[in-house]
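Peer 1: First, the structure itself, so that you have it in front of you.
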Amino acid sequence: MDLKQILVDIARAIVDTPDAVTVEMNEEGDNVTLILRVAEDDTGMVIGRKGRIAKAIRSIMKVAGSSSGKKVTVEIE
1202 MDLKQILVDI ARAIVDTPDA VTVEMNEEGD NVTLILRVAE DDTGMVIGRK
1252 GRIAKAIRSI MKVAGSSSGK KVTVEIE
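With the first letter of the sequence shown counted as 1, position 75 gets the number 1276 in this note's numbering; the numbers rise by one all the way through.
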């Protein structure tokens, strides 16, 4: 399962500028850190009110990672 591509697909569906979405993946053993970068104007869309969308994205990615035995952390910049 390609965790990076899953996050890219989710983020592109949310933002107004899908071409600006990039994800950097750092993997250390079973720990995976995904760093999501979007256009400056789209940051609010990815975070959502009171961080609800960001929390939902992190939950989805944790479930996707656990199915392959990885602990996933998502950072939004």
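Here a beta-carbon is modelled for each residue, glycine too, at the ideal position from N, C-alpha and C.
Given a threshold of 16 other Cβ atoms within 10 Å of its Cβ, counted over all protein chains shown, does residue 1266 qualify as buried or as exposed?
Peer 2: It is buried - the Cβ of residue 1266 has at least 16 other Cβ atoms within 10 Å.
Peer 1: Assign residue 1264 to one of two classes, buried (16 or more other C-beta atoms within 10 Å of its C-beta) or exposed (fewer than that).
Peer 2: Counting Cβ neighbours within 10 Å, residue 1264 comes out exposed, since fewer than 16 surround it.
Peer 1: Start and end of the beta strand (DSSP E) containing residue 1246?
Peer 2: Taken as a continuous stretch (DSSP letters only), residue 1246 belongs to no beta strand (DSSP E), being part of the alpha helix (DSSP H) at 1244–1248.
Peer 1: Check this for me: beta carbons of residue 1211 and residue 1254, under 7 Å apart or not?
Peer 2: No, they are not a contact pair.
Peer 1: How many angstroms separate the CA atom of residue 1271 from the CA atom of residue 1228?
Peer 2: When rounded, the distance between both Cα atoms is 9 Å.
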